[in-house]
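**Student:**
2 protein chains.
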Amino acid sequence: MITLKGSEVSAKIKEQVQELAGSLEGTIPRLAIVRVGERPDDLSYERGAVKKMRAFGLEVQSCVFPQDIANEEFKERFREINDDPQIHGILVLRPLPRQICEKTIEEMICPDKDVDGISPVNIAKVFSGDPSGFAPCTAEAVVEVLKANDIEMAGKRAVIVGRSMVVGKPLAMLLMKENATVTVCHTRTKDLSGTCREGEILVAAAGRAKMINSDHVGPGAIVIDVGINVDENGKLCGDVDFDSIQEKASMATPVPGGVGAVTTAVLAKHLAQAAGYKQGGEHVSG
Amino acid sequence: MITLKGSEVSAKIKEQVQELAGSLEGTIPRLAIVRVGERPDDLSYERGAVKKMRAFGLEVQSCVFPQDIANEEFKERFREINDDPQIHGILVLRPLPRQICEKTIEEMICPDKDVDGISPVNIAKVFSGDPSGFAPCTAEAVVEVLKANDIEMAGKRAVIVGRSMVVGKPLAMLLMKENATVTVCHTRTKDLSGTCREGEILVAAAGRAKMINSDHVGPGAIVIDVGINVDENGKLCGDVDFDSIQEKASMATPVPGGVGAVTTAVLAKHLAQAAGYKQGGEHVSG
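Okay, here's the thing in structure tokens:
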């Protein structure tokens, strides 16, 4: 089985980002990461994103608010970030605390700065296959892994485990646009392993540690693991039991070292595109 | 094989519409049908919709524009309809002629009057499973046929042939919300008949006369035919070769007399909901 490394995909995306950034006449794209509170998951994702932006030559600032900030106060502060012409892209770490109306933020965020695709405008574009919209970075990262490794999607059976708005649903649209025949499985799917085995491309995005094993993998399948979980020993692991699929899959992404690194690279690409869009350039994502 | 008649489903929806309309304190919901030119398909759909609205006790008016109306002029006239407080719902017959920017109209239409779900706001809601959005009537009609006939969707394999924004994609979301495991096939699907046979529920929405036959139907499958085509003898027919599947399918909708009648009933339901929403009532579609 071939291990598909995220770092190699990320390096390819870095070239695209540098080309995009090079056409910006001196403007350096700047990302605002909006974080409320100190959730370990958020801090870990933020660290990765900050490191990646800097490695790609982009600017990034963290906008941190106390866990108990009032809804109105947060909205006001978010509006300032949203309106700031120095900020080209905004990443909101979610879920936000309960007192904050996340839906309002999704509707408020300027679609042109919405580099992680949470605005209804971008959601509708991804749904309709309009390439001028930003897809959620993780969903797009899966397609980038496949493309960077010259894996044909057209005509292939693709099975996605998970129907979230962050991965499963938008990824179904992106893979459909690439002409794959897509099936989406979820907690209510009856014969999960059998359905997964139909996939020539199998994407695990359920958020459950090592739930996908050799039973779920058809012979020669390509397995993309979107999960980021912690196993019983406190170690980072994916949704796929990587060791168990070695004899079945033809290729697979590891965790860590797989899709995660590509997700932040896609975030960087979206940021560079957002900065170019601001300058009146063509706005094409994906 | 049992024939699933649209008229019976429509009669059930009529009861819901009358209940909704009864709570409107005398307001009679009014639909505006916007038509540009005299395309036979549009005229035929319009006739059906007008007849249905009247049969359900709702009001309807046709707003007809010449085939060669200029984009700016049409936009202006559309704005008047959109802003008219006497109009609760708007159905735009599409495709519009080439000179008119359909995308602008989709973005202009007031989401609360958008009873056929073309606005990005409603598209995003359908995608995210938010029941306050209007889904395209034809997609919702498929779910209504299944519900009215007590056909369980949860855990079932559902296969949709066609990935349009009018049926295939939104229907995938609606069926996923009902906990079906959904596969979407299209022109680039390699083993179309084999993939279709996996469906316990098979929905034909490809727009090609009689392309689905007994080869595509698994034993006991429920077949819903969304197609409206004209066959070689000039007769109305669906995407399914109805005669050929009699021995294979357990139930199927005919054409005519199937989904079409339910689509206009859903349109009426959306109109009554839109009128209720206007009055400050709860806005729940589906």
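Chains as they are written, first to last, in this note's numbering: chain A, 361 to 646; chain G, 361 to 646. Glycine residues also receive a C-beta, built at the ideal position from the N, C-alpha and C atoms.
Applying a beta-carbon distance threshold of less than 7 Å, which residues of chain A neighbour G/Ile460?
**Tutor:** Here the question's residue 460 of chain G lines up with position 100 in the second sequence. Those do not exist, as G/Ile460 stays about 18 Å from chain A at its closest Cβ, beyond 7 Å.
**Student:** Can you check whether the C-beta of G/Cys497 is within less than 7 Å of a C-beta belonging to chain A?
**Tutor:** Residue mapping note: residue 497 of chain G aligns to position 137 of the second sequence, counting from 1. With 7 Å as the cut-off, G/Cys497 does not count as an interface residue toward chain A.
**Student:** How about A/Arg437: is its C-beta nearer than 7 Å to some C-beta of chain G?
**Tutor:** The residue given as residue 437 of chain A occupies position 77 in the first sequence. Cβ-Cβ to chain G under 7 Å: no for A/Arg437.
**Student:** Flag this pair as yes or no: are the beta carbons of A/Asp476 and A/Cys497 separated by less than 7 Å?
**Tutor:** The sequence position of residue 476 of chain A within the first sequence is 116, counting from 1. The sequence position of residue 497 of chain A within the first sequence is 137, counting from 1. Cβ distance < 7 Å, so A/Asp476 and A/Cys497 count as in contact.
**Student:** Taking Cβ-Cβ distances below 7 Å as the criterion, which residues of the region 479-490 of chain A are in contact with chain G?
**Tutor:** So the close ones are Pro480, Val481, Ile483, Ala484, Phe487, Ser488.
**Student:** Just the Cα atoms here: how many angstroms apart are G/Gly417 and A/Gly515?
**Tutor:** In the second sequence, residue 417 of chain G corresponds to position 57, counting from 1. In the first sequence, residue 515 of chain A corresponds to position 155, counting from 1. The straight-line gap from Cα to Cα measures roughly 48 Å.
**Student:** If you reduce the DSSP assignment to three classes, tell me which class A/Gly366 lands in.
**Tutor:** Stepping through the first sequence from its first residue, residue 366 of chain A is reached at position 6. If DSSP states are grouped into helix, strand and coil, A/Gly366 belongs with the helices.
**Student:** Along the region 462-479 of chain A, what residues have a CB closer than 7 Å to any CB found in chain G?
**Tutor:** Under the 7 Å Cβ criterion, the region 462-479 of chain A contributes no residue.
**Student:** Compare the C-beta of G/Gly382 against all C-beta atoms of chain A and say whether one is closer than 7 Å.
**Tutor:** Here the question's residue 382 of chain G lines up with position 22 in the second sequence. Answer no: the Cβ-Cβ gap between G/Gly382 and chain A never drops below 7 Å.
**Student:** Do G/Thr623 and G/Ala501 have their CB atoms nearer than 7 Å?
**Tutor:** If you number the second sequence from 1, residue 623 of chain G lands on position 263. If you number the second sequence from 1, residue 501 of chain G lands on position 141. Contact flag set, yes.
**Student:** For the 8 Å Cβ check, are there 3 or more pairs between the region 439-455 of chain A and the region 400-418 of chain A?
**Tutor:** Yes, the region 439-455 of chain A is in contact with the region 400-418 of chain A.
**Student:** Buried or exposed: G/Gln427, going by 16 or more other Cβ atoms within 10 Å of its Cβ?
**Tutor:** In the second sequence, residue 427 of chain G corresponds to position 67, counting from 1. Answer is exposed; the Cβ neighbour count stays below 16.
**Student:** Is it buried or exposed, G/Gln606, if we count other Cβ atoms within 10 angstroms and call 16 or more buried?
**Tutor:** Start at 1 with the first residue of the second sequence, and residue 606 of chain G comes out as number 246. By the neighbour-count rule (16 or more Cβ atoms within 10 Å), G/Gln606 is not buried but exposed.
**Student:** From the DSSP output, in three-state form, read off G/Thr464 for me.
**Tutor:** Your numbering for residue 464 of chain G matches position 104 in the second sequence. It is helical.
**Student:** Go ahead and label A/Gln446 buried or exposed: buried means 16 or more other beta carbons lie within 10 angstroms of its beta carbon, across all protein chains shown.
**Tutor:** Indexing the first sequence from 1 puts residue 446 of chain A at position 86. Under this definition A/Gln446 is an exposed residue.
**Student:** Per DSSP, G/Gln421 is paired with what?
**Tutor:** In the second sequence, the residue the question calls residue 421 of chain G occupies position 61. G/Gln421 is bridged to G/Ala392.
**Student:** CB-CB under 6 Å to G/Asn509, same chain, minus the five flanking residues each way: which ones, in chain order?
**Tutor:** Stepping through the second sequence from its first residue, residue 509 of chain G is reached at position 149. Answer for G/Asn509: Leu364, listed in chain order.
**Student:** Are the Cβ atoms of A/Val396 and A/Phe425 separated by less than 7 Å?
**Tutor:** Your numbering for residue 396 of chain A matches position 36 in the first sequence. Your numbering for residue 425 of chain A matches position 65 in the first sequence. Yes; because the gap between Cβ atoms is below 7 Å, this pair is in contact.
**Student:** What whole-angstrom Cβ distance do G/Val394 and G/Ile441 have, given they're in contact under 8 Å?
**Tutor:** Numbered from its first residue, the second sequence carries residue 394 of chain G at position 34. Numbered from its first residue, the second sequence carries residue 441 of chain G at position 81. Going by Cβ atoms, the distance from G/Val394 to G/Ile441 rounds to 7 Å, so yes, they are a contact pair.
**Student:** For A/Arg414, does the three-state DSSP call read helix, strand or coil?
**Tutor:** Locating residue 414 of chain A in the first sequence gives position 54, counting from the first residue. A/Arg414 falls in the helix class under three-state DSSP.
**Student:** In whole angstroms, give me the CA-to-CA distance for G/Ala371 and A/Asp551.
**Tutor:** If you number the second sequence from 1, residue 371 of chain G lands on position 11. If you number the first sequence from 1, residue 551 of chain A lands on position 191. If I take the Cα positions, the gap works out to 36 Å.
**Student:** Per DSSP, what are the beta-bridge partners of A/Thr541 in this structure?
**Tutor:** The residue given as residue 541 of chain A occupies position 181 in the first sequence. A/Arg517, per the DSSP bridge assignment.
**Student:** Name, please, each residue of chain G whose Cβ falls closer than 8 Å to the Cβ of A/Ala514.
**Tutor:** The sequence position of residue 514 of chain A within the first sequence is 154, counting from 1. Within chain G, the residues near A/Ala514 are Arg548.
**Student:** Would you say G/Met536 faces chain A, with C-beta separation under 7 Å as the test?
**Tutor:** Position 176 of the second sequence, counting from 1, holds the residue named residue 536 of chain G. Chain A, which has a Cβ nearer than 7 Å to the Cβ of G/Met536, makes this yes.
**Student:** What are the boundary residues of the beta strand (DSSP E) that includes G/Asp585?
**Tutor:** For the purposes of this step, residue 585 of chain G is taken as the residue at position 225 of the second sequence. Residues 582-585.
**Student:** Any idea what DSSP makes of A/Ile441, helix, strand or coil?
**Tutor:** Residue numbering aside, residue 441 of chain A sits at position 81 when the first sequence is read from its first letter. In the structure shown, A/Ile441 sits in a helix (DSSP, three-state: H, G or I).
**Student:** Taking the Cβ atom as the reference point for each residue, do G/Val615 and G/Asp585 lie within a distance shorter than 7 Å?
**Tutor:** For the purposes of this step, residue 615 of chain G is taken as residue 255 along the second sequence, with counting starting at 1. For the purposes of this step, residue 585 of chain G is taken as residue 225 along the second sequence, with counting starting at 1. Their beta carbons are under 7 Å apart, which means G/Val615 touches G/Asp585 by this criterion.
**Student:** Is the CB-CB distance between G/Phe494 and A/Ile483 below 7 Å?
**Tutor:** Walking along the second sequence from the start, residue 494 of chain G turns up at place 134. Walking along the first sequence from the start, residue 483 of chain A turns up at place 123. Against a cut-off of 7 Å, the Cβ pair of A/Ile483 and G/Phe494 comes out as no contact.
**Student:** Residues in the region 521-533 of chain A with C-beta within 7 Å of chain G's C-beta atoms, listed in sequence order?
**Tutor:** Cβ contacts with chain G: Arg523, Met525, Lys529.
**Student:** If you follow the beta strand (DSSP E) that A/Ile660 is in, where does it begin and where does it stop?
**Tutor:** With chain A represented from 361 up to 646, any question about residue 660 of chain A goes unanswered, as that position is not in the structure.
**Student:** For chain A, find out if any of its Cβ atoms is closer than 7 Å to the Cβ of G/Cys686; answer yes or no.
**Tutor:** The structure shown does not extend to residue 686 of chain G, since chain G is modelled only from 361 through 646, so no value can be given for it.
**Student:** Are there 16 or more other CB atoms within 10 angstroms of the CB of A/Ile373, so buried, or fewer, so exposed?
**Tutor:** As a position in the first sequence, residue 373 of chain A is number 13, starting the count at 1. Classification of A/Ile373: buried, given that the 10 Å Cβ count is 16 or more.
**Student:** If you draw a straight line from the C-alpha of G/Gly567 to the C-alpha of G/His576, how long is it?
**Tutor:** Working through the second sequence from its first residue, we reach residue 567 of chain G at position 207. Working through the second sequence from its first residue, we reach residue 576 of chain G at position 216. Rounded to whole angstroms, G/Gly567 to G/His576 spans 16 Å at the Cα level.
**Student:** Can you give me the C-alpha to C-alpha distance between A/Arg390 and A/Glu419, rounded to a whole angstrom?
**Tutor:** As a first step, residue 390 of chain A must be located in the first sequence, where it is residue number 30. As a first step, residue 419 of chain A must be located in the first sequence, where it is residue number 59. Distance between the alpha carbons of A/Arg390 and A/Glu419 is about 4 Å.
**Student:** Could you say which of G/Lys529, G/Ile465, G/Ala565 lies nearest to G/Glu436 if we only look at CA atoms?
**Tutor:** What you label residue 436 of chain G is simply residue 76 of the second sequence in a count that begins at 1. Closest by alpha carbon: G/Ile465.
**Student:** Would you please verify whether the beta carbon of G/Val542 is less than 7 Å from any beta carbon of chain A?
**Tutor:** Position 182 of the second sequence holds residue 542 of chain G. Interface residue, yes.
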